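A.B. asks: Just so you know, we're using this note's numbering here: the sequence shown kicks off at 250 and counts up by one.
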Amino acid sequence: MAGVTCGLIPAVALPFVYGWAGGALGAVLQAGLVASLFHGFGTFLLVVTVLQALLAVILFVQHEEGLPRRLAYEWHGRYYVAKDFDARALECVQRAQAAVVTIMDSEVGEAGLLDGIANAVALPRQEWEIARLCAELTHVRRRLREVGSDSRRMREMLEPEWRAAQTSDVGLRRRVVALERYAERTRAADTAYREWQAFEEIQEIRTDLRELLARTVQDDLAVAEIDELSSRTPLAELRRRVADARKAGLTLAMDEKEPV
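1) How many whole angstroms separate the CB atoms of Ile366 and Cys341, which I take to be in contact at a CB cut-off of 8 Å?
2) In whole angstroms, what separates the C-alpha of Arg403 from that of Arg391?
3) So the alpha helix (DSSP H) Ala384 belongs to, where does it begin and stop?
4) Quick check on DSSP: helix, strand or coil for Ala427?
5) By how many angstroms is the C-alpha of Val425 removed from the C-alpha of Leu462?
6) Look up Ala447 in the DSSP assignment and say whether it is helix, strand or coil.
7) Does the Cβ of Phe287 have 16 or more other Cβ atoms within 10 Å, making it buried, or fewer, making it exposed?
8) Run through DSSP, which three-state label would Ser355 get?
9) Would you check if there are 3 or more beta carbon pairs closer than 8 Å linking the stretch 430-448 to the stretch 355-373?
10) Looking only at its own chain, which residues have a Cβ that is under 6 Å from the Cβ of Leu428, when we skip the five neighbours before and after it?
11) By DSSP, does Asp439 sit in helix, in strand, or in coil?
12) By Cβ distance, which residues of its chain are closer than 7 Å to Leu372, with the 5 residues on each side in sequence left out?
13) What number of angstroms, rounded off, separates the C-alpha of Thr387 from the C-alpha of Arg423?
14) When burial is assigned at 16 or more other CB atoms within 10 Å of the CB, is Arg412 buried or exposed?
15) Decide if Val370 is buried, meaning its Cβ has at least 16 other Cβ atoms within 10 Å, or exposed.
16) Which stretch, first to last residue, makes up the alpha helix (DSSP H) that contains Arg401?
17) Do Ala437 and Asp493 have their C-beta atoms closer together than 8 Å?
18) How close, in whole Å, do the beta carbons of Leu393 and Leu407 come, if the pair is a contact with beta carbons under 8 Å?
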C-alpha cells in the first residue's frame, strides 16, 4: 500500500518518509508523473508502475536497515554485549558459555545418555544467570572505582563494599567451576562412548570372524580365543563415565538451589 501511495502521489508521501529531501525528490517525481500524461494514458500507467516498484524496494530496504536498531530497543535489558562486563566478569561469562556448549553438543547428550530435558532447561538458565550477575557485579565495581578514585580516604571507606563484591565474585566463580566440572565429565563420557562404539563395530567383525572360523577350521582353540577377546569390553567404563557426568549435572542442579 505504501508503494502504491508513493507511486501515485510521491510529492505527498515521500516527505513523511525522508523529510525535506524526500519532499524535493517527490516534487520532481510528481512533475514527471504529470508530464507523462501528455504522452498518453499507457505511458502514464507505465511510469506509475515503475515508480511503485522502485519506491516499494526503497521502503523495504529502509525497513530492513532499521530492524537491528528497533530490535535492540525492544530487547534492551534482555541481552548483554562484551562492554557490559569488565575483564574479570567477561572471563567468567566466556568460561560458562564454553562449558554449556560442551555439554549441550556432547555425543552422550545427543545419544540420550544424559538428562536432556533437564539440561535444556537448567543450562541456559545457569548461563543467563551467570551473565546477569556478572553484569551487575561489573556495574558495581565500575561505580566503586569511579567513586573511590578521588582520594585515599574514599578508597579506605569503600573497603567493606569491595569485600562484599569479592564475596559475590567468589560465589559466581563457584558456579562456573561447577559447570566446567560437568563439562569435563561429559568429555570423559564422550571418550568412553566413542570407545564403546568402536568396540561394538569390533564385536561385529569378531562375530563374522567366529562364524568364518567355525565354518572353515572348526578349531575349538580359535573359537575360545575370540570368545576371550570378546570379554574385554569398554562398556563398564562407558557406564562409569556417563554416571560421573550425570552426577555432575545433579550436583550442579543442587548447587543452583543454594544462595550465592
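By construction, the Cβ of each residue, glycine as well, lies at the ideal position given by its N, Cα and C atoms.
All values reported here derive from a predicted model rather than from experimental measurement.
C.D. replies: Here's the rundown:
1) Contact doesn't hold; Cβ gap of about 26 Å is too wide.
2) Note that residue 403 is Met in the sequence shown here, rather than Arg. Looking at the two C-alpha atoms, the distance is approximately 15 Å.
3) 365-396
4) helix
5) 55 Å
6) helix
7) exposed
8) coil
9) yes
10) Ala345, Ala348
11) helix
12) Val349, Ile352, Met353
13) 17 Å
14) exposed
15) exposed
16) 401-406
17) yes
18) 6 Å
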